[in-house]
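S.K.: In the order they appear, the protein sequences are chains W and C.
Counting in my numbering, the first sequence runs from 40 upward without gaps.
Counting in my numbering, the second sequence runs from 619 upward without gaps.
Using N, Cα and C, we set each Cβ at its ideal position, and we do this for glycine too.
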Amino acid sequence: MGIGAWLEDRLRWRAADAFLRHKTVPVTRHGYVYYFGGITLFLFLVQVVTGLLLLMYYRPTADAAHESVRFIMARVQFGWLVRSVHSWTANLMVFWAFAHMFGAFFVRAYRRPREMTWISGALLLFITLAFGFTGYLLPWNTLAYFATKVGTEIVGAVPLIGHPLLVLLRGGEDVTEATLSRFFGIHVAILPALTTMVLGLHLFLVQLHGMSRPDARGPARSMAFVPAFVLREAMVWLLITGVLVTLAVLLPWPVGEKADPLASAPAGIRPEWYFVFMFHTLKLIPSHVLGLEGEQLGVIAFMLAAAVVLAVPLLVRDDGAGRASRVAAAVGAFGALYMIGMTILGYLRP
Amino acid sequence: MPDRARWCVITAVAGLLWFFSTGLAAAAPAPQTVPEPPSDGCITCHRNLGGRLAAPALKIADDIHVRRGFTCTACHGGDAKAPGMEAMDPKRGFVGRPKPADLPAVCGKCHSSPEIMRRFNPRIPTDEVARFQTSVHGQKLSAGDQRVATCTSCHGVHPILAVTDSRSPVFPSSVPATCARCHADAAYMKPYGIPITQYAEYKTSVHGEALLGRGSKQAPACNDCHGNHGAVPPGVDSVANVCAQCHGSQRDLFTRSPHRAAFESMGLPQCTACHGNHQISRPSDEMVGTSPPAVCAQCHQADSKGGVAAKVIRTALEDLKQSTAAAGDLVARAENAGMDMSDAKLPLSDARTQLILARNLAHGLSLREVQSATSEGVGLSRKAADLGRAGLAEIEFRRRGLVAALVVIAVLSLGLYLKTRTTPGP
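Below, the structure written as structure tokens:
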């Protein structure tokens, strides 16, 4: 019995092989958006591998965290590469996750029967942001410390459950070593577990329903998933690898100064770029609006926006030609422009 | 609406108005209260007199003595309770405006009395008048010179402000200007035949820049070297002790150096012979050597024993300075390229400390001590430089690796691209 037959007898892999060979990807004017999900998935895999390597040396205590990251950067063989790739990948992954979401939104990939695919994807985007927020603190440097302090204070503005949520996140009233070990636990155990489940569901649903075609009424051109699409996707992944390695070598991610909880916050403190649009919005809202605290109002607005993102398939139920789809596209475009505009403003007017 | 209900509404509205108006009043910032001077007869009359006679009463509320409960009669005598001119009756103890020669005694009535002073400030010294008598000002005053500085010349009058009050003429940063009022006045100083350039020189000195430019109250003003109440120019043999109030290590080194005996025999003032007095500029390595601007060249020939020693010290300092600068440059380049150079910064910082130490040791003129410090510093800077070079080599290695990786990626991408051309597409 050959190896193929031996494996087939035990794994029934020929069924998966047959499935992939019959799988097709639509060919459309905006076909590039079909690569965004794959890029995000690839970056996630890079994060898993580099994260596991970093775990070998990282120590999640206030005394040792910063030193261990410094050790990784200076002493561990190719530690600088692994850590810089991990940090750059985190940023690129957030970017591509947003790009994937907006891409899927504008080609209306959330329509029946792909509602659950959309919802699981939106959850994955939120999980990615949570990965970024928790991972940012782990080097325990000044910027991360104060950005986390500000970030968790914003969480504290959530109506009713804000303060308990803040204490839960921080592991106390203030950002301390308890926060560091909590964020570490969330970053390396809870979020990966959640991601495994939601990503598994998301990928399963993508295979189950296949790739969405933007306009069901047009001619149905497509390409084979294997090998045509896989070859193109592999090429994109290679290019992304090149970008990552170039960034890691030419712009190694800095370690920064060790956090000093007794020091005053440095001037111009701001969160990572993907939270700047929210941060700047909160800064622009007046301190009191309609009897509510401005920050509270902003947090409510962002929570509503997140709920709207999750509920897109339930809110837009026409076939793409109706009024709801046009309104949704306009709202989505406004949302994207708002995020970009506020991010730029946040950097121009710190 | 029944009357009772109407009254209830009116009462409630009035109550609310009262409540909020009270709240507003409480929230409004309290007006700043200016302390009123004690309303005794002197102040009341003098304020109404106008002109020169009103001047003493106008700002008297700021006077430290008035704030402590003293009145005009404490210095001028008289009876402040008397309603008219009889308040200034000599029979009532009125002494009028004290003459300059009498001022030390007038002020000393309280300021030389530990019993009185401890009631107001137990830490304040009570020997000011005694020290004033030993000063050049005090001695000239005793000799009948009424133009010299007395208490009010420096402390001001009407009001006399606390020394800690930044408006006081004897607040640390105001002292140089206060002294300069007389000492920079050519006409005023002419009878004494002393220079008038001290203030102009001090302003450009390292001390003047620190005190007047940066507001550093640690920097010395005139009184820190000359004394205040007992002001005299420091004698030749006491200059090092005066400077040692801040520069103790340099004084100790100088005291055990061969310069001490030589300076004494030549009648040279210690620190100031090399550093100057009022115009002390920031010390530099160029001060050591055998050619101008080196101060050693003022006394030593280049080929003399002292000249050779100066050359050796200068060479040692320059070697360390150059090696530290070169190491710093290497470390900075590696750091700017993204390398973590914290391991190199420690020896580099230690090397810079050795340079400071060696510069200080130069005051002791011990070649062995200076060279020991500089060689240790050179060793440390070499260590930092090696780490800097290693960092730059690592950068080079990484960049070569990047090029190799990009070539591999490009070849693989090209292979994939060619493969897609031969594979059935859309």
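(1) Return yes when the Cβ of Arg685 of chain C is within less than 7 Å of the Cβ of Gly696 of chain C, no when it is not.
(2) With a threshold of 7 Å between beta carbons, is Gly641 of chain C in contact with chain W?
(3) Which residues of chain C have a Cβ atom closer than 8 Å to the Cβ of Val288 of chain W, listed in chain order?
(4) Between Gly281 of chain W and chain C, is there a C-beta pair that is closer than 7 Å?
(5) Three or more C-beta pairs under 8 Å: does that hold for the segment 153 to 170 of chain W against the segment 275 to 283 of chain W?
(6) Hey, how far is the Cα of Ser909 of chain C from the Cα of Ala952 of chain C?
(7) May I ask you to list, following chain order, the residues of the segment 935 to 964 of chain C that have a beta carbon less than 9 Å from some beta carbon of chain W?
(8) Can you tell me which of W:Val108, W:Gly195, W:Leu120, W:Trp119 puts its alpha carbon nearest to the alpha carbon of Asn180 of chain W?
(9) Run down chain C in chain order and give the residues with a C-beta less than 9 Å from the C-beta of Ala113 of chain W.
(10) At the level of alpha carbons, what is the spacing between Ser960 of chain C and Leu289 of chain W?
(11) Given that a residue counts as buried once 16 or more other Cβ atoms are within 10 Å of its Cβ, and exposed if not, what is Gln972 of chain C?
(12) CB-CB under 8 Å to His327 of chain W, same chain, minus the five flanking residues each way: which ones, in chain order?
(13) Roughly how many angstroms lie between the CA atoms of Thr651 of chain C and Thr173 of chain W, to the nearest whole one?
(14) Does the segment 197 to 205 of chain W come within contact of the segment 52 to 66 of chain W, defined as at least 3 CB pairs closer than 8 Å?
(15) Below 7 Å between beta carbons is the criterion; list the residues of the segment 964 to 993 of chain C that meet it against any residue of chain D, in chain order.
(16) What do you get for Thr782 of chain C, buried or exposed, if any count of 16 or more other CB atoms within 10 angstroms of its CB means buried?
(17) Among W:His241, W:Phe185, W:Leu120, W:Ala363, which has the Cα closest to the Cα of Leu164 of chain W?
(18) Do you know offhand how far Pro722 of chain C's Cα is from His664 of chain C's?
(19) Got a sec? Which residues, its chain only, sit under 6 Å from Ile814 of chain C by beta carbon, not counting five neighbours each side?
(20) Whole angstroms are fine: how far does the CA of Leu233 of chain W sit from the CA of Val194 of chain W?
(21) What residues of chain C sit near Val284 of chain W, judged by a beta carbon separation below 9 Å?
(22) What residue ranges within the segment 154 to 205 of chain W form continuous alpha helix (DSSP H) runs of no fewer than 4 residues, ordered along the chain?
(23) Just the C-alpha distance for Arg900 of chain C and Gly669 of chain C, rounded to the nearest angstrom, thanks.
(24) Tell me which same chain residues have a C-beta within less than 8 Å of the C-beta of Ser220 of chain W, skipping the five on either side of it?
(25) In the DSSP assignment, find the unbroken alpha helix (DSSP H) run with Ala798 of chain C in it and report its ends.
(26) Determine, using beta carbons only, whether Leu1034 of chain C comes closer than 7 Å to chain W.
(27) Below 7 Å between beta carbons: does that hold for Pro794 of chain C and Cys840 of chain C?
(28) Assuming Pro65 of chain W is part of the beta strand (DSSP E), what are its boundary residues?
(29) Taking just the CA atoms, how far does Gly956 of chain C sit from Val284 of chain W?
(30) Does Lys1001 of chain C have its Cβ less than 7 Å from a Cβ in chain W?
(31) Report the three-state DSSP secondary structure of Ile379 of chain W (helix, strand or coil).
(32) Which residues in the same chain have their Cβ closer than 6 Å to the Cβ of Ile111 of chain W, if we skip the five residues on either side of it in sequence?
(33) Which ranges would you report for the alpha helix (DSSP H) in the segment 857 to 907 of chain C if only whole runs of at least 4 residues count?
(34) Does DSSP classify Leu331 of chain W as helix, strand or coil?
(35) Is there contact here, the segment 42 to 49 of chain W with the segment 80 to 93 of chain W, by at least three beta-carbon pairs under 8 Å?
(36) If we cut at 7 Å on Cβ distances, does Thr1041 of chain C have a partner in chain W?
M.R.: In short, the structure shows the following:
(1) Contact flag unset, no.
(2) Bear in mind that the predicted position of Gly641 of chain C carries a pLDDT of just 35, short of 50, making it unreliable; the figure below should be weighed with that in mind. At a cut-off of 7 Å, the C-beta of Gly641 of chain C has no neighbouring C-beta in chain W.
(3) Those within 8 Å of Val288 of chain W in chain C are Arg1016, Arg1017, Gly1019, Leu1020.
(4) At least one chain C Cβ lies under 7 Å of Gly281 of chain W.
(5) Contact between the segment 153 to 170 of chain W and the segment 275 to 283 of chain W is absent: fewer than 3 CB-CB pairs across the two stretches fall below 8 Å.
(6) In a straight line, the C-alpha of Ser909 of chain C is about 38 Å away from that of Ala952 of chain C.
(7) Cβ contacts with chain W: Ala955, Gly956, Met957, Asp958, Met959, Ser960, Asp961.
(8) Selection W:Val108, W:Gly195, W:Leu120, W:Trp119 evaluated against Asn180 of chain W yields W:Val108 as nearest (Cα-Cα).
(9) The answer, in chain order, is Met957, Asp958, Met959, Ser960, Asp961.
(10) Each residue's Cα considered, the two are about 19 Å apart.
(11) Per the 10 Å Cβ criterion, buried.
(12) Cβ contact annotation for His327 of chain W (same chain, cutoff 8 Å, sequence separation greater than five): Gly333, in chain order.
(13) Reliability of the predicted coordinates at Thr651 of chain C is poor, the pLDDT of 41 falling under 50, and no value is obtained from them.
(14) No contact exists between the segment 197 to 205 of chain W and the segment 52 to 66 of chain W.
(15) Protein chains W and C are contained in the structure displayed, whereas chain D is not.
(16) Classification for Thr782 of chain C: exposed.
(17) The candidate whose alpha carbon is nearest that of Leu164 of chain W is W:His241.
(18) Straight-line spacing of the CA atoms in Pro722 of chain C and His664 of chain C works out to 25 Å.
(19) Apart from the 5 residues on each side of it in sequence, Ile814 of chain C sits with its Cβ closer than 6 Å to the Cβ of Ala802, Ala804, Met807 in its chain, given in chain order.
(20) In a straight line, the C-alpha of Val194 of chain W is about 21 Å away from that of Leu233 of chain W.
(21) Correct list: Gly1019, Leu1020, Ala1023, Leu1024, Ile1027.
(22) For secondary structure counted as the alpha helix (DSSP H) over 4 or more consecutive residues, the segment 154 to 205 of chain W holds these complete runs in sequence order: 154 to 176, 181 to 194.
(23) Each residue's Cα considered, the two are about 49 Å apart.
(24) Counting only Cβ-Cβ distances below 8 Å, and skipping sequence neighbours, we find Pro99, Thr100, Gly210.
(25) 793 to 801 is the span of the alpha helix (DSSP H), which, as asked, contains Ala798 of chain C.
(26) At least one CB of chain W lies nearer than 7 Å to the CB of Leu1034 of chain C.
(27) For the 7 Å CB-CB criterion, Pro794 of chain C and Cys840 of chain C form a contact.
(28) Unbroken beta strand (DSSP E) run through Pro65 of chain W: 63 to 65.
(29) Put simply, the backbone Cα of Val284 of chain W is about 14 Å away from that of Gly956 of chain C.
(30) No - not a single Cβ of chain W is within 7 Å of the one on Lys1001 of chain C.
(31) In the structure shown, Ile379 of chain W sits in a helix (DSSP, three-state: H, G or I).
(32) Taken in chain order, the residues that qualify are Tyr96, Gly118, Arg122.
(33) Entirely contained in the segment 857 to 907 of chain C, the alpha helix (DSSP H) runs reaching 4 residues are, in chain order, 857 to 861, 866 to 873, 876 to 884, 888 to 893.
(34) DSSP places Leu331 of chain W in strand when its eight states are reduced to three.
(35) Contact between the segment 42 to 49 of chain W and the segment 80 to 93 of chain W is absent, with fewer than three C-beta pairs closer than 8 Å.
(36) Judged by the 7 Å Cβ criterion, Thr1041 of chain C is in contact with chain W.
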